[in-house]
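Undergrad:
Residue numbers (UniProt numbering): 1 to 411.
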């Protein structure tokens, strides 16, 4: 068992207080609209990176987190956009009163010491759809009671600000510097911005003012959602079976949906291509994994079929270093782990595929480059990608009312 896993178990074993009420949604859950409203979010591919684990309650969330190390190389997302005449601050940025309530220390699993206290306020009757740890605080995607999404930043001073409100879905770049969201048939990309605080005297200055600056905005179908940034471009998706498309930075957007792409698992380390499930053709045996370069349609550069069938509900993620793909298998009784550096070679697919037999949900995350954490139904378990097939999935902490937090490496 690794130092990080030891730290994680230690941290949660030491937490005080009773188990919070409420239920937190999986990051891949579909948002259900009020009667008569469009079901906007059918799927969102999510790039998988290392994890923090957070205890949360329905109204006020307080949490213990474990911080793993980042990847060897993190490529910052370049500036997007020339479509708008001039960048402008987002009008819906607003301050939210700081949370109050029980405080829980944040445990830094890398340094092995308690570092700070964090309090997180959630919307009434809402839950967390996704959350990220950036250098300047926590970026939290909340799902409100009507299914709309909002992006909230809580900074190091425990100040909270709504950066995006009333969106059908939100995607955050892996470095935290870019945000994309869909809202009423518009797709928008913005850069996170920080204005230095005013200096009150020679030794003290006010907290920096943080927000978003819109860079590009286009018309899209009502059901379109942002999926993942790939370099300076954005992959977008629609309802199940309707395919995926690319919005190229700095170009006029022309729809060209590729229905041969079933789902996006994550971005290749070259930041020019993605790993995806594609539909089998001719005599291909499902499931088919492909490495796709961006295009309209996408271009298949490598392909391997006959792999364990991925669960339709999602949960598949590429490891931080890009070597491994892990995903719950259809039926949610197995987890498959594929070596992406070898899966496309001439050797049999089984040679580079391992499976673990255990009951799982689609609540998953990579804790570090080799440790894939899954919810086995009541408890998180760690699967070590480099371990022998079927080796014990180490139990970590109880998973009920726990949300997984991903770090942003240059945020």
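A virtual CB, placed ideally from N, CA and C, is assigned to each residue, including glycine. These numbers were taken from a predicted model, which means no experiment stands behind them.
Strictly by DSSP, which residues pair up with residue 211?
TA: Paired residue(s): 193.
Undergrad: Distance, Cα to Cα, residue 248 vs residue 362?
TA: Approximately 30 Å, taken between the alpha carbons.
Undergrad: Does residue 349 come out as helix, strand or coil in the three-state DSSP assignment?
TA: Residue 349: helix per DSSP, three-state reduction.
Undergrad: Name, in chain order, the residues that DSSP records as bridge partners for residue 168.
TA: Paired residue(s): none; residue 168 is not in a bridge.
Undergrad: Use the C-beta contact count for residue 399: other C-beta atoms within 10 angstroms, 16 or more gives buried, fewer gives exposed.
TA: Buried, since its Cβ has 16 or more Cβ neighbours within 10 Å.
Undergrad: Taking contact to mean 3 or more Cβ pairs, one atom from each stretch, closer than 8 Å, check whether the segment 307-326 and the segment 371-386 are in contact.
TA: Flag = yes, the segment 307-326 and the segment 371-386 touch.
Undergrad: Under a Cβ-count criterion, where at least 16 other Cβ atoms within 10 Å of its own Cβ denotes burial, should residue 413 be classed as buried or exposed?
TA: A question about residue 413 goes unanswered here, because the residues of the chain that appear run from 1 up to 411.
Undergrad: Where residue 354 and residue 162 are concerned, what is the direct C-alpha to C-alpha distance, given to the nearest angstrom?
TA: Distance between the alpha carbons of residue 354 and residue 162 is about 42 Å.
Undergrad: On the three-state DSSP scale, how would you describe residue 383?
TA: Strand at residue 383.
Undergrad: Within its chain, find whatever has a CB closer than 8 Å to the CB of residue 342; leave out the 5 residues flanking it on each side and keep chain order.
TA: 351, 352.
Undergrad: Could you give the DSSP three-state label for residue 303: helix, strand or coil?
TA: Correct three-state label for residue 303: strand.
Undergrad: Which residues share a DSSP beta bridge with residue 230?
TA: Per DSSP, 233.
Undergrad: Excluding sequence positions up to five away, which residues of its chain have a Cβ less than 7 Å from the Cβ of residue 233?
TA: Only 246, 247, 248, 249, 294 meet the Cβ criterion.
Undergrad: Would you check if the distance between the CB atom of residue 152 and the CB atom of residue 160 is smaller than 7 Å?
TA: Contact flag set, yes.
Undergrad: Which residue marks the beginning of the beta strand (DSSP E) containing residue 273, and which one marks its end?
TA: Element bounds for residue 273: 273-278.
Undergrad: Less than 8 Å between C-beta atoms, sequence neighbours within five positions excluded: which residues of the same chain meet that for residue 272?
TA: Excluding positions up to five away in sequence, the list reads 230, 231, 293, 294.
Undergrad: Hey, would you say the C-beta of residue 362 is under 6 Å away from at least one heavy atom of the ligand NAP?
TA: The model depicted lacks the ligand NAP and carries no ligand whatsoever.
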